[in-house]
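Residue numbers (the numbering used here), protein chains in the order written: chain A, 1 to 655; chain B, 1 to 148. Ideal placement from N, C-alpha and C gives every residue a C-beta, glycine not left out.
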């Protein structure tokens, strides 16, 4: 009964989406208040219905209702409860339900908290959200019904891919989707602005918090995904330039650019057309991200389903959404009143340069990711674009980007004097030279490591010196600095955190790529091996029974200078239902690096393959990402971005 | 030219420079890091030069795997032709004789393939897409052997 109930709610939601996507837009165009008034209740009803559908699907998974095809395909009665719940979105249909749920949450948020928006703009934003929801719900209802029943229910299910049975991955998709779908709202604002024919500072103030929220979630989602890949896949790598990773990086790059260009619109009333275009591109990239992954054109653990009918539907949806909004942009953008042109050396000039570089970087990732697809369609020739491509395109582009990033926050709006600025970057410059010299002379690192560790030090110190300057650290009494720090706009603090976080992350990425130590050894129990500065004594392997798997668990004693410091237990697990093997790495972190151990295959002579890695600075990647996301949250709490501020300003302006 | 016009020009030039730079980077990178997919038969019939990055898929030939310390040699076959491969480094858990495999690297002058990366299937049921394609091209594909 409950699955039918969920299915019914989903169909009703589709009908509501049809109304939500048509009446308010029609009303806003005609100036009909009654039609405009449909927007808010429709958005709330939409959320309620999708919430019911999601709850019904979750219930089916939790109670293991094996009459539902989706549950049979992805669950098993012995699966732990956490994974029964995360299994709801660990498959094609369920992940789409989560997608529309988040979309509906954002739509309802505008309906509830958008009281300060002009009624017609709000109606248009909600209307565009309704159209997006309509596309996704139609896709769900017509091609991917999650509530499909089986005539002959099997006694038990097929279980979830064991690689996905992991706490990190339980939260990776929701966060990623929060980011992707967050951009839908920014997109809706952009389309609404094009329809209204007006982009102004107030518009930018409304758009920025949503962009920030989406960006923060996406940052967290990507970081969580790469962390999962690091500890779960057993290769000690954290980024593979896999198409699936790339399609999440592209919206992130666009979103980062958007975050900065919206600032220029807000403060200087310039870059408006570009900002609207970026908003469209960021969401288009998110759509491509969602669908490229789901459509199965790119095979990976993420590809849930290969179904030609779905593929065509997806292409049509992408074409309407992206093509339609770009056509609207081409038609209406010239009508947007262009902003002022500004001095090249200024805060806005720096932000523009940041935007150009980010957009270029996004474009190179896009080309590298989708080129094989286009080439195969066009010529039938199969190629693969791997890490070397991105090392040669994306990585060099990051150099000027990081240089400008350190400099940017020092630049005043309107006009800056570069000569007067350089002394303030002295500490950062010193850091750059010192880090580069240490890497080159003491560690003998490759050129890229010298450059990027130097840049990471530069960016970190630049971010800190900018903060120190703002709070007059060391230039006055401590109490004064503390008061200044507390009085600092949250957005400024957020910038410092995000920039410093990126610096740490880059240091981690560079050091772990350049100075990783790897050894693959066949070892007999009792043998002592060494990797980096550690000795590892291989004690042996035991068999252990888990809830839905059996594991070979190795015991490794880690010694440093002859004293035992830790015991690691890497495992090989065989999940009984799907007969899949997974490796569970055992990791010991010192904060400055990770000792990463993996148990490989047994050899016929009783020895075991052991893979041992020393990964320097690798935890900094995720510490950095966490700092960046924290920066986003801190910025979001800025008074300026709080709901209601725009209204008060408007009221003042109206007097 | 007016001041405004001059500034506009500066931005246009910056944008143009970025685009030109990116295009140049992409083209250079494409030249030597694009790996072309080939089956063992393709490589035997028309061997490309050793400078070309190749991605080859097929099955690990039965009885061909020889391990010597860190290095590994085996043959990849599409059941019509086979190519000898050498590889050094970590070997995936599911690398086995008779199973699907994808290798990336270069075909050396002597006809031996030097692999830089070695990808095996992820689980018992899944076979790399390229390995399936190579078998299909050679007419040796039997779906009951297990696709995805």
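Who are the near neighbours of residue i in its chain, counting only those whose CB is closer than 7 Å to its CB and skipping five residues on each side?
i, result
"residue 124 of chain B", "Low per-residue confidence applies at residue 124 of chain B: pLDDT is 40, beneath 50, and the placement is therefore not dependable, though the value from the model is reported in the following sentence. There are no such residues."
"residue 114 of chain B", "86, 105, 106, 108"
"residue 493 of chain A", "634"
"residue 96 of chain B", "60"
"residue 280 of chain A", "187, 190, 325, 326, 329"
"residue 267 of chain A", "413"
"residue 16 of chain A", "42, 45, 46, 49"
"residue 600 of chain A", "608, 609, 610, 611"
Which whole-angstrom value is the C-beta distance of residue i and residue j, which I expect to be below 8 Å?
i, j, result
"residue 92 of chain A", "residue 144 of chain A", "6 Å"
"residue 221 of chain A", "residue 179 of chain A", "5 Å"
"residue 618 of chain A", "residue 593 of chain A", "6 Å"
"residue 37 of chain B", "residue 384 of chain A", "7 Å"
"residue 241 of chain A", "residue 386 of chain A", "6 Å"
"residue 620 of chain A", "residue 457 of chain A", "Going by Cβ atoms, the distance from residue 620 of chain A to residue 457 of chain A rounds to 12 Å, so no, they are not a contact pair."
"residue 288 of chain A", "residue 318 of chain A", "7 Å"
"residue 284 of chain A", "residue 320 of chain A", "About 11 Å separates the two Cβ atoms, so there is no contact after all."
"residue 185 of chain A", "residue 210 of chain A", "5 Å"
"residue 450 of chain A", "residue 440 of chain A", "5 Å"
"residue 255 of chain A", "residue 218 of chain A", "6 Å"
Could you name the residues of chain B that residue i contacts, counting a contact when the two beta carbons are closer than 8 Å?
i, result
"residue 364 of chain A", "22, 25, 26"
"residue 367 of chain A", "26"
"residue 393 of chain A", "22, 25, 26, 29"
"residue 341 of chain A", "4, 7, 8, 11"
Name, please, each residue of chain A whose Cβ falls closer than 8 Å to the Cβ of residue i.
i, result
"residue 10 of chain B", "344"
"residue 45 of chain B", "Residues of chain A passing the Cβ test: none, with the nearest at roughly 16 Å."
"residue 119 of chain B", "Going along chain A, no residue has its Cβ under 8 Å from residue 119 of chain B, so there is no contact; the nearest lies around 10 Å."
Less than 8 Å between the C-beta atoms of residue i and residue j, yes or no?
i, j, result
"residue 52 of chain A", "residue 96 of chain A", "no"
"residue 146 of chain A", "residue 107 of chain A", "no"
"residue 360 of chain A", "residue 397 of chain A", "yes"
"residue 192 of chain A", "residue 277 of chain A", "no"
"residue 525 of chain A", "residue 515 of chain A", "no"
"residue 10 of chain A", "residue 137 of chain A", "yes"
"residue 504 of chain A", "residue 610 of chain A", "no"
"residue 574 of chain A", "residue 597 of chain A", "no"
"residue 115 of chain A", "residue 164 of chain A", "no"
"residue 499 of chain A", "residue 355 of chain A", "no"
"residue 14 of chain A", "residue 134 of chain A", "yes"
"residue 26 of chain B", "residue 364 of chain A", "yes"
"residue 572 of chain A", "residue 583 of chain A", "yes"
"residue 543 of chain A", "residue 533 of chain A", "no"
"residue 208 of chain A", "residue 262 of chain A", "yes"
So which residues of chain A does residue i contact, with C-beta pairs closer than 7 Å?
i, result
"residue 37 of chain B", "382, 383, 384"
"residue 52 of chain B", "Those within 7 Å of residue 52 of chain B in chain A number zero; the least Cβ separation is about 11 Å."
"residue 114 of chain B", "Within chain A, no residue comes near residue 114 of chain B; the closest Cβ sits about 15 Å away, beyond 7 Å."
"residue 41 of chain B", "Those within 7 Å of residue 41 of chain B in chain A number zero; the least Cβ separation is about 14 Å."
Leaving out the 5 sequence neighbours to the left and right, which residues in its chain are closer than 8 Å to residue i when beta-carbon positions are compared?
i, result
"residue 13 of chain B", "none"
"residue 299 of chain A", "Residue placement at residue 299 of chain A is poorly supported in this model, since its pLDDT is 46, which falls under 50; the coordinates are not used for a value here."
"residue 24 of chain A", "35, 36, 38, 39, 42, 123, 124, 126, 127, 130"
"residue 527 of chain A", "537, 538"
"residue 415 of chain A", "343, 345, 346"
"residue 71 of chain B", "86, 87, 88"
Listing by chain order, which chain A residues have their CB less than 9 Å from the CB of residue i?
i, result
"residue 104 of chain B", "384, 386"
"residue 68 of chain B", "Here the premise fails: no neighbours, minimum Cβ distance about 12 Å."
Looking only at its chain, what residues have a beta carbon closer than 6 Å to the beta carbon of residue i, apart from the 5 residues adjacent to it on each side?
i, result
"residue 101 of chain A", "50, 54"
"residue 7 of chain A", "147"
"residue 158 of chain A", "73"
"residue 19 of chain A", "42"
"residue 301 of chain A", "Annotation note: pLDDT 39 at residue 301 of chain A (below 50); position unreliable, coordinate value reported separately. Here the set comprises 163."
"residue 401 of chain A", "357"
"residue 169 of chain A", "228"
"residue 84 of chain B", "75, 112"
What does residue i reach in chain D if we use C-beta pairs closer than 9 Å?
i, result
"residue 396 of chain A", "Judged by its chain identifiers, the structure shown contains no chain D, and its protein chains are A and B."
Along chain B, in chain order, which residues have C-beta atoms closer than 9 Å to that of residue i?
i, result
"residue 244 of chain A", "Correct list: empty, because the minimum Cβ distance to chain B is about 14 Å."
Q. Going along the chain, which residues of the region 379-390 of chain A sit with their C-beta nearer than 9 Å to a C-beta in chain B?
A. 381, 382, 383, 384, 385, 386, 387, 388, 389, 390
Q. Going along the region 595-625 of chain A in order, which residues come within less than 8 Å of chain B, judged by CB to CB distance?
A. Identification of residues in the region 595-625 of chain A having a C-beta nearer than 8 Å to some C-beta of chain B yields 600, 601, 609, 611, given in sequence order.
Q | Residues within the region 349-364 of chain A neighbouring chain B, beta-carbon criterion of under 7 Å | A | 352, 353, 356, 357, 360, 363, 364
Q) Going along the region 510-522 of chain A in order, which residues come within less than 8 Å of chain B, judged by CB to CB distance? A) 518, 520
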